[in-house]
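Undergrad: Okay, here's the structure, questions in a sec.
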Amino acid sequence: MDRKLQEIFASDEGDETGIARASLINLAIYSEDPETLAADAENLARIVEEAACRSILISANSAGDVSARSWVQAHCQVLGRDERKSVCTEQLAFQLTGATPGLVRNTVFAHLDSDLPLVFWWRGDFSEAFSDRLYTRIDRLIFDSEHWTEPRSQFLRLKRSLSEDNSSFVPHDLSFTRLNPIRTGIAKCFDNVRAKQETGRIEEINVSFGNEARMSAIYFAAWAASRLGCELDPDASSEGEFRFRRRRSGERAPLQIRLHPGESGIGGEIEEVELFSPDSEFRLRRCEKKVFWELTSQIGGGAETVELLPTHKPDDAFLVAEILQRGGRNRVLCDVLPVVREMLLV
24 MDRKLQEIFA SDEGDETGIA RASLINLAIY SEDPETLAAD AENLARIVEE
74 AACRSILISA NSAGDVSARS WVQAHCQVLG RDERKSVCTE QLAFQLTGAT
124 PGLVRNTVFA HLDSDLPLVF WWRGDFSEAF SDRLYTRIDR LIFDSEHWTE
174 PRSQFLRLKR SLSEDNSSFV PHDLSFTRLN PIRTGIAKCF DNVRAKQETG
224 RIEEINVSFG NEARMSAIYF AAWAASRLGC ELDPDASSEG EFRFRRRRSG
274 ERAPLQIRLH PGESGIGGEI EEVELFSPDS EFRLRRCEKK VFWELTSQIG
324 GGAETVELLP THKPDDAFLV AEILQRGGRN RVLCDVLPVV REMLLV
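Each residue of the sequence shown is one higher than the one before, starting from 24 at the first, in the numbering used here.
Written out as structure tokens, the structure reads:
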């Protein structure tokens with residue numbers, strides 16, 4: 024593999040043209056579903072357009088005899104007016120059968136650029152391959168809880184891995200990252216002074232979500248309750264209807280958050296969010312053409328105001344590229360994870 028990479032990046036002696044390596048991180052995509060291999064390769068090609076990295080694509084199947092296929096390629100961008108220079112990122116791909124946790128680890132670790140951090144995008148459920156000998160070497164772990172078959176058990180497994188003494192990876196759930204434009208829109212609801220005064224008086228929130236967006240809806244509820252200074256009351260909650268207590272004594276009524284499937288047929292995202300206080304209401308709704316959020320506010324019985332916020336529907340490659348660009352410790356997600364686990368137990 025190393026020899027093939029050297030051949031790719033070699034240039035003729037004395038030639039002013041050449042290929043330069045660009046690598047700031049190691050990015051691994053791991054899947055145990057062979058049907059996702061082509062899609063994963065396409066995702067990688069798009070991600071490296073925005074992020075310079077050595078990328079490792081692994082498709083692992085525990086069935087069958089032990090075998091491995093591998094190939095290398097480079098994703099290049101031409102620079103300069105004369106188009107004589109290229110900056111390229113490396114991609115190593117492996118198709119494993121009879122894969123054991125040890126084989127997966129060895130495949131990853133043997134091909135890292137050792138001086139660079141490791142970002143690991145785990146596709147699907149955490150399996151036996153997700154062991155302490157792997158995740159203690161990961162710097163940033165990306166996953167999507169929307170596609171987990173048993174979210175409760177998977178979140179408990181994530182909790183245990185995060186609590187390990189020698190574990191220091193930063194978690195990123197794409198189901199939470201998809202909320203970025205919605206959280207921005209909700210924050211904009213309370214931009215002015217009168218609206219901001221209503222935040223402590225919010226008593227009811229309704230969330231309508233599309234297909235494959237239930238986890239995003241749960242994340243939104245956990246985030247909103249946390250921002251409003253509330254904690255879950257599990258005894259007064261049921262699936263789809265959650266009641267939260269105010270942390271501060273003397274506050275008004277408890278917070279009720281309802282989650283329900285939408286009717287618009289928009290898949291993979293939240294369709295509408297409604298927030299109600301005793302005499303005000305705020306609504307964030309996805310427009311039919313999906314290119315705008317419609318923000319509606321009515322405060323204290325006053326006139327209704329409407330504002331359009333431009334948006335788009337980000338796919339997984341866009342979300343991962345955004346995570347790589349932002350970096351950070353992702354503290355907001357870490358703060359709401361305990362609430363999400365509690366809600367899943369209701």
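Beta carbons: idealized from backbone N, C-alpha and C, even for Gly.
Can you tell me where the beta strand (DSSP E) holding residue 251 begins and where it ends?
TA: As a working note, residue 251 is residue 228 in the sequence shown. Here residue 251 belongs to no beta strand (DSSP E), and DSSP marks it neither H nor E.
Undergrad: Looking at residue 76: is its Cβ nearer than 8 Å to the Cβ of residue 46?
TA: To locate residue 76, count along the sequence shown from 1; it is residue 53. To locate residue 46, count along the sequence shown from 1; it is residue 23. Their beta carbons are under 8 Å apart, which means residue 76 touches residue 46 by this criterion.
Undergrad: Are the Cβ atoms of residue 280 and residue 247 separated by less than 8 Å?
TA: By 1-based counting over the sequence shown, the position of residue 280 is 257. By 1-based counting over the sequence shown, the position of residue 247 is 224. Yes, these two residues count as a Cβ contact at 8 Å.
Undergrad: What is the DSSP secondary structure of residue 174, reduced to helix, strand or coil?
TA: Against the sequence shown, residue 174 aligns to sequence position 151. Three-state DSSP puts residue 174 in a helix.
Undergrad: Check residue 278 in the structure and name its three-state DSSP category.
TA: One-based indexing of the sequence shown puts residue 278 at position 255. In the structure shown, residue 278 sits in a strand (DSSP, three-state: E or B).
Undergrad: When burial is assigned at 16 or more other CB atoms within 10 Å of the CB, is residue 335 buried or exposed?
TA: Counting from one through the sequence shown, the residue named residue 335 turns up at place 312. With fewer than 16 Cβ atoms within 10 Å of its Cβ, residue 335 is classed as exposed.
Undergrad: Smallest Cα separation from residue 129: which of 88, 221, 154 and 146?
TA: Counting from one through the sequence shown, the residue named residue 129 turns up at place 106. For the residues 88, 221, 154 and 146, the minimum Cα distance to residue 129 belongs to 154.
Undergrad: In three-state terms, what does DSSP make of residue 212?
TA: For the purposes of this step, residue 212 is taken as residue 189 along the sequence shown, with counting starting at 1. Here residue 212 sits in helix by DSSP.
Undergrad: Can you list, in chain order, the stretches of the beta strand (DSSP E) that have 3 or more residues and sit fully within the region 75-160?
TA: Complete beta strand (DSSP E) runs here, min 3: 76-84, 90-102, 108-120 and 141-146.
Undergrad: List the endpoints of the continuous beta strand (DSSP E) containing residue 229.
TA: Translated into the one-based positions of the sequence shown, residue 229 becomes position 206. Residues 227-232.
Undergrad: Return the residue from the list 144, 119, 237 and 72 that minimises the CA-CA distance to residue 193.
TA: Position 170 of the sequence shown, counted from the start, is the residue given in the question as residue 193. Closest by alpha carbon: 144.
Undergrad: If you follow the alpha helix (DSSP H) that residue 61 is in, where does it begin and where does it stop?
TA: Here residue 61 is taken as the residue at index 38 of the sequence shown, counted from 1. Counting along the chain, the alpha helix (DSSP H) containing residue 61 begins and ends at 60-70.
Undergrad: Extract the residue ranges of the beta strand (DSSP E) inside the region 174-201, only unbroken runs of 3 or more that lie entirely within it.
TA: Listed in chain order, the complete beta strand (DSSP E) runs (minimum 3 residues) inside the region 174-201 are 193-196.
Undergrad: Taking residue 295 and residue 309 to be in contact with their CB atoms under 8 Å, please state how far apart those CB atoms are, rounded to whole angstroms.
TA: Looking up residue 295 in the sequence shown gives position 272. Looking up residue 309 in the sequence shown gives position 286. The pair is a contact, with the Cβ atoms about 7 Å apart (cut-off 8 Å).
Undergrad: Note the first and the last residue of the continuous beta strand (DSSP E) segment covering residue 360.
TA: Indexing the sequence shown from 1 puts residue 360 at position 337. Not the beta strand (DSSP E): residue 360 falls in the alpha helix (DSSP H), residues 354-367.
Undergrad: Determine, using beta carbons only, whether residue 231 and residue 285 come nearer to each other than 8 Å.
TA: Here residue 231 refers to the residue found at position 208 of the sequence shown. Here residue 285 refers to the residue found at position 262 of the sequence shown. Yes, Cβ-Cβ distance for residue 231 and residue 285 is below 8 Å.
Undergrad: Compute the Euclidean distance between the alpha carbons of residue 70 and residue 343, then round it to the nearest angstrom.
TA: Here the question's residue 70 lines up with position 47 in the sequence shown. Here the question's residue 343 lines up with position 320 in the sequence shown. One C-alpha to the other measures close to 7 Å.
Undergrad: List the whole-angstrom C-beta distance separating residue 160 from residue 113, where the pair is believed to meet the contact cut-off of C-beta under 8 Å.
TA: Here the question's residue 160 lines up with position 137 in the sequence shown. Here the question's residue 113 lines up with position 90 in the sequence shown. About 19 Å; that fails the 8 Å criterion.
Undergrad: Counting along the chain, where does the beta strand (DSSP E) carrying residue 51 start and finish?
TA: On the sequence shown, residue 51 is found 28 positions in, with the first residue counted as 1. Looking at the DSSP string, the run of the beta strand (DSSP E) that includes residue 51 is 48-54.
Undergrad: Can we say the region 237-247 touches the region 201-209, given the rule of at least three CB pairs closer than 8 Å?
TA: Because the criterion of three Cβ pairs below 8 Å is met, the region 237-247 and the region 201-209 touch.
Undergrad: Between the beta-carbon of residue 52 and the beta-carbon of residue 66, is there less than 8 Å?
TA: Position 29 of the sequence shown, counting from 1, holds the residue named residue 52. Position 43 of the sequence shown, counting from 1, holds the residue named residue 66. For residue 52 and residue 66, yes; Cβs fall inside 8 Å.
Undergrad: Are the beta-carbon atoms belonging to residue 132 and residue 91 less than 8 Å from one another?
TA: One-based indexing of the sequence shown puts residue 132 at position 109. One-based indexing of the sequence shown puts residue 91 at position 68. No, Cβ-Cβ distance for residue 132 and residue 91 is not below 8 Å.
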